[in-house]
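Novice: Below are the structure tokens for one structure; questions will follow.
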Amino acid sequence: MGRFKILSILTGLMLFPVLLFAQFNNNTTSPYSRFGIGDLQSYSFGRTTAMGGASLASRNNQQINLANPGSYTAIDSLGFMFEFGVFGKFANYSNDIASVNSNDVNFRYFALNFQITNWMATALGLTPYSDVGYDIEINETIENAGDILHKYYGVGSLSKAFLGLAVEPVKNISVGANLNYLFGTLNRNAEIYFLESSDAYRIQKYESMRVRDFNLKLGVQATLPLKEDKRITFAGVLENKPKYTAFFSDLTQKNITSQNSTDIDTLNFQSEDRNTVRLPLTYGFGISYVKDNTFEINADYYRQLWSNATFFGSSNQYLTDLDKFAFGAEWIPDRFSIRNYLQRIAYRVGFKFERTYLMIDNQHIKDFGISFGVGLPVYRSNSTINVSAELGRRGTKTDNLVLENYAKLNLSVNLYDLWFIKRRFD
193 MGRFKILSIL TGLMLFPVLL FAQFNNNTTS PYSRFGIGDL QSYSFGRTTA
243 MGGASLASRN NQQINLANPG SYTAIDSLGF MFEFGVFGKF ANYSNDIASV
293 NSNDVNFRYF ALNFQITNWM ATALGLTPYS DVGYDIEINE TIENAGDILH
343 KYYGVGSLSK AFLGLAVEPV KNISVGANLN YLFGTLNRNA EIYFLESSDA
393 YRIQKYESMR VRDFNLKLGV QATLPLKEDK RITFAGVLEN KPKYTAFFSD
443 LTQKNITSQN STDIDTLNFQ SEDRNTVRLP LTYGFGISYV KDNTFEINAD
493 YYRQLWSNAT FFGSSNQYLT DLDKFAFGAE WIPDRFSIRN YLQRIAYRVG
543 FKFERTYLMI DNQHIKDFGI SFGVGLPVYR SNSTINVSAE LGRRGTKTDN
593 LVLENYAKLN LSVNLYDLWF IKRRFD
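Quick note: the sequence shown uses the numbering used here, first residue 193, plus one each step.
As structure tokens, then:
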């Protein structure tokens with residue numbers, strides 16, 4: 193047990209710089225990440241990704257639930273958990289003109305969770321918030337200007353480091369809060385080439401938004417015990433219009449290259465102008481029905497009012513309110529089976545429907561996905577390897593928009609140990 197504890201710590205120390213580096217690299221190639229603050233990442237990680245992401249009311253004493261800080265007290269009094277995850281996305285993007293495939297693989301998150309007292313627990317970690325990563329080329333012909341090539345490309349990530357605390361003031365009611373630090377840089381660039389000009393003529397625009405600041409996320413879970421080891425848990429989460437310090441820079445220039453020289457004319461220049469970004473009011477509700485060590489059924493509703501978000505004092509014309517519905521279930525045939533490993537595996541399935549925060553050409557971009565996976569128990573341990581897949585579709589081909597068909601693979605490792613036990617024999 194002591195060796196396992198040391199292994200958990202060393203694994204965390206080795207993975208931390210890798211995970212930190214990964215947060216500065218985009219995890220998407222979706223053209224939809226050009227709008228807003230990019231592709232928003234799910235609030236669900238680890239075990240519940242196989243359950244449609246439905247997790248707000250989930251309380252599991254051997255798995256970390258990062259969706260609701262009120263869940264941290266679910267861990268056993270002597271338990272300690274360290275968890276990290278890897279993510280892969282394989283997508284096909286198509287419209288009425290063309291089709292392209294892409295693959296994105298990266299480290300995703302890490303988290304720790306342990307109790308401080310019998311009624312207080314804490315968690316900390318690093319998770320992605322949003323990603324920008326796209327490369328688009330558009331050709332058009334304009335009268336008196338000829339053929340013109342438009343290039344749009346961007347890269348960047350916003351990440352969230354958090355420190356959470358949860359307390360159980362009375363039995364079966366747990367309230368918690370996360371102190372989040374949002375940070376990262378999003379770069380968006382555009383270039384215009386006039387292909388029929390006698391000289392090489394182009395216009396370049398480079399924009400960058402850098403964000404850093406703290407905010408609070410609140411969560412609560414209330415459990416109603418039933419007969420035969422069954423229970424119902426009700427949950428809610430809230431983030432009240434978090435305000436962040438942000439820095440915006442812009443360089444727009446015109447380049448004319450002839451045979452002997454290049455003339456560069458700066459049209460606009462802003463260098464890290466400091467302002468604020470106000471993200472939306474966010475709230476969600478969940479319910480969970482559980483029979484201990486046998487099954488769990490979860491349902492979530494999650495909403496973000498992005499139509500009220502402001503960036504440097506202005507709203508974004510492409511943003512609208514986000515609504516997400518998620519449902520998922522887990523079943524374990526016989527968790528304590530000695531002879532049959534398959535009986536101890538947790539089998540999971542779920543689905544989600546999301547009206548995303550993007551409104552493009554009067555089309556509300558929607559996302560639908562089904563998910564499934566397993567929780568593989570580690571021999572002679574309460575640790576678990578969680579594997580899940582999600583198949584989904586986002587967007588539409590209407591008005592020459594982009595239809596995205598995707599498959600996501602998630603692998604997370606939850607290392608569980610019992611601490612502070614003095615043993616007579618090792």
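Note that the Cβ used here is the ideal one computed from N, Cα and C, for glycine as well. These numbers come from a predicted model, not from an experiment.
1) So, at 7 Å on beta carbons, what are the nonlocal neighbours of VAL347 in its own chain, with the 5 sequence-adjacent residues on each side left out?
2) Taking only three categories from DSSP, how would you classify THR265?
3) What is the DSSP secondary structure of GLY238, reduced to helix, strand or coil?
4) Please report the straight-line C-alpha distance between PHE543 and LEU583, rounded to a whole angstrom.
5) Rounded to whole angstroms, what's the CA-CA distance from LEU176 to ASP465? Just pull it up for me.
6) In or out: ASP457 buried (at least 16 other Cβ within 10 Å) or exposed?
7) Verify whether the separation of the beta carbon atoms of PRO261 and GLY356 is less than 7 Å.
8) Measuring only the C-alpha atoms, how far is GLU431 from ILE448?
9) Taking only runs of the beta strand (DSSP E) that begin and end inside the region 510 to 567, which ones reach a length of at least 3 residues, in chain order?
10) Using 8 Å as the Cβ pair cut-off and three pairs as the minimum, do the region 271 to 285 and the region 595 to 604 touch?
11) Going by the DSSP bridge assignment, what does VAL594 pair with across the sheet?
12) Under three-state DSSP, which class holds PRO361?
13) What does the alpha-carbon distance come out to for the pair ASN490 and LEU371?
14) Helix, strand or coil for ARG133, going by three-state DSSP, please let me know.
15) How would you label SER250, buried or exposed, when you count the other beta carbons within 10 angstroms and need 16 or more for buried?
16) Assuming PHE354 contacts LEU316 (C-beta within less than 8 Å), just tell me the rounded distance between them.
17) Quickly, what does DSSP pair GLN396 with across the bridge? List them, please.
18) Consult DSSP for ALA214 and reduce its assignment to one of helix, strand or coil.
19) Could you name the residues of the same chain whose beta carbon sits closer than 6 Å to that of GLN496, not counting the 5 residues immediately before and after it, in chain order?
20) From which residue to which residue does the beta strand (DSSP E) around TYR493 run?
21) To the nearest angstrom, report how far apart THR548 and SER225 are at their CA atoms.
22) Can you tell me where the beta strand (DSSP E) holding ILE308 begins and where it ends?
23) Hey, LEU248 and ALA427: beta-carbon distance below 7 Å or not?
24) Taking contact to mean 3 or more Cβ pairs, one atom from each stretch, closer than 8 Å, check whether the region 328 to 336 and the region 283 to 303 are in contact.
25) Below 6 Å CB to CB, which residues in the same chain sit around VAL412 once its five sequence neighbours on both sides are set aside?
26) Please identify the residue among LYS558, THR220, ARG300 and VAL579 whose C-alpha is closest to the C-alpha of VAL278.
27) Spatial neighbours of ASN485 within its chain, please: CB distance less than 6 Å, with the 5 preceding and 5 following residues excluded, ordered by chain position.
28) What residues are listed by DSSP as bridge partners for ALA315?
29) Tell me, please, whether the region 433 to 443 touches the region 393 to 412 by the rule of three or more beta-carbon pairs shorter than 8 Å.
30) Take TYR235 as the anchor and find which of GLN254, LEU318, GLN307 and TRP311 has the nearest alpha-carbon.
31) Using a Cβ-Cβ cutoff of less than 7 Å, which residues in the same chain neighbour PHE545 once the five nearest sequence positions on both sides are dropped?
32) Exposed or buried, GLU275, counting other C-beta atoms within 10 Å across all chains shown (16 or more means buried)?
33) Can you tell me which of the three DSSP states ARG251 falls into?
34) Is TRP611 buried or exposed, if buried means 16 or more other CB atoms sit within 10 Å of its CB?
35) DSSP puts MET273 in a beta bridge; with which residues?
36) For ARG226, name the three-state secondary structure that DSSP assigns.
Specialist: Taking the definition as stated:
1) ASN218, VAL324, GLY325 and ASN379
2) helix
3) helix
4) Rounded to the nearest angstrom, the two C-alpha atoms are 9 Å apart.
5) No answer is possible for residue 176: the residues shown for the chain start at 193 and end at 618.
6) exposed
7) yes
8) 49 Å
9) As for any beta strand (DSSP E) of minimum length 3 sitting wholly inside the region 510 to 567, the runs are 514 to 523 and 538 to 552, ordered along the chain.
10) yes
11) Paired residues: none, contrary to the question.
12) strand
13) 26 Å
14) Limits of the chain in this structure are 193 at one end and 618 at the other, which puts residue 133 out of reach.
15) buried
16) 6 Å
17) Looking at the DSSP assignment, GLN396 forms a beta bridge with GLU383 and GLN445.
18) A caution first: ALA214 carries a pLDDT of 48, below 50, which makes its placement in the model too unreliable to give a value.
19) In its chain, beyond the 5 residues on either side, PRO472, THR474 and LEU514 have a beta carbon closer than 6 Å to the beta carbon of GLN496.
20) DSSP places TYR493 in the uninterrupted beta strand (DSSP E) bounded by 487 to 496.
21) 12 Å
22) Annotation for ILE308: the continuous beta strand (DSSP E) segment containing it runs 291 to 309.
23) yes
24) no
25) GLY262, VAL367 and GLY428
26) ARG300
27) Cβ contact annotation for ASN485 (same chain, cutoff 6 Å, sequence separation greater than five): ARG527, in chain order.
28) ASN305 and GLY356
29) yes
30) LEU318
31) PHE517 and PHE560
32) buried
33) Here ARG251 sits in coil by DSSP.
34) Counting every other CB atom within 10 Å of its CB across the protein chains shown gives TRP611 a total below 16, marking it as exposed.
35) ASN305 and TYR608
36) The three-state reading of DSSP puts ARG226 in helix, counting H, G and I together.
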